[in-house]
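Read in our numbering, the sequence shown has 398 at position 155, and its numbers run on one by one without any break. Cβ coordinates follow ideal geometry from the N, Cα and C atoms, glycine included. Quick caveat: nothing in here was measured; it's all calculated off a predicted structure.
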Amino acid sequence: MRGIMQVHTLDKAGIINELKFGIGISQAVEQGRRADFALLLSMFSNDVRDCTPIDTIEVTETTEDRLRKQFGIAEPQQLRSNQSSYEISAQQSNHFHQSSLVSAKLCHYLKPEALAFMPEDTGDLPEEVYQNLSGHDRRKLANKNHPNLPSATLYNELSTAQRKYQIQAQV
Numbered sequence: 244m245r246g247i248m249q250v251h252t253l254d255k256a257g258i259i260n261e262l263k264f265g266i267g268i269s270q271a272v273e274q275g276r277r278a279d280f281a282l283l284l285s286m287f288s289n290d291v292r293d294c295t296p297i298d299t300i301e302v303t304e305t306t307e308d309r310l311r312k313q314f315g316i317a318e319p320q321q322l323r324s325n326q327s328s329y330e331i332s333a334q335q336s337n338h339f340h341q342s343s344l345v346s347a348k349l350c351h352y353l354k355p356e357a358l359a360f361m362p363e364d365t366g367d368l369p370e371e372v373y374q375n376l377s378g379h380d381r382r383k384l385a386n387k388n389h390p391n392l393p394s395a396t397l398y399n400e401l402s403t404a405q406r407k408y409q410i411q412a413q414v
């Protein structure tokens, strides 16, 4: 009964770590007392969570949108134009003509216009290149986003036709 009691009390003993020994470990190393050092190390817990204080750290994902909202920064300047870009440019032009350059700059900083005004529906080609394309090439560019579905099944149709031809040739 006494042996079980001692093991049980050892299990409930406080966790032993480097902080409880103070400078005892470093003195054992400096003085070359290997037995003391080994004994002290054997008394440490094998579980890292016992020796290291664990604090929960709240990690918040920082995104560009979140930082823009936090600091009150406007949306980034668009690289290429869309339908709303023309309205923004017209407003800035109006501010320039009605007030001054300072007013136009302020309007630009609050709601920047696009960096490049590209023609729409040209397949990302410059307008002069798009105008030199043939009608067939323009149709290809228009249908580039919408693939032609019959061509997707062309292989199956050709292989079926070949098999039918082989069957008719054998008869």
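| Asked | Found |
| --- | --- |
| DSSP three-state assignment for Arg277, whether helix, strand or coil | helix |
| For Ala359, three-class secondary structure by DSSP | strand |
| Bounding residues of the alpha helix (DSSP H) (the contiguous stretch that carries Gln313) | 307 to 314 |
| Outcome for Ala278 when other beta-carbon atoms lying within 10 angstroms are tallied against a minimum of 16 | exposed |
| Pro362 beta carbon less than 8 Å from that of Glu370 | yes |
| Per-residue burial, Ala271 [other beta carbons within 10 Å of its own, 16 or more giving buried] | buried |
| Cβ-based burial, Gln335 [other Cβ within 10 Å; buried from 16] | buried |
| Integer-rounded CB distance, given that Phe360 should sit under 8 Å from Ala347 | That belief does not hold up - the Cβ atoms of Ala347 and Phe360 are roughly 17 Å apart, past 8 Å. |
| Own chain partners of Met244 with C-beta closer than 7 Å, once the 5 adjacent residues on each side are dropped | Confidence at Met244 is low in this model, with a pLDDT of 49, below 50, so its placement is unreliable and the value that follows should be read with caution. Hits under 7 Å: none found. |
| Alpha-carbon spacing of Tyr329 relative to Val372, whole angstroms | 23 Å |
| Whole-angstrom C-beta distance between Leu353 and Lys317, which should lie under 8 Å | In the sequence under discussion, the amino acid at residue 317 is Ala, which differs from the Lys named in the question. With 8 Å as the limit, Ala317 and Leu353 qualify as a contact, their Cβ atoms being about 6 Å apart. |
| Spatial neighbours of Leu384 in its chain, beta-carbon cut-off 6 Å, leaving aside the 5 residues before and after | Gly366 |
| 8 Å Cβ cutoff met for Leu322 and Leu368 | no |
| Any non-hydrogen atom of the ligand FAD closer than 7 Å to Glu304 Cβ | By its list of ligands, the structure shown contains no ligand whatsoever, and the ligand FAD lies outside what it can speak to. |
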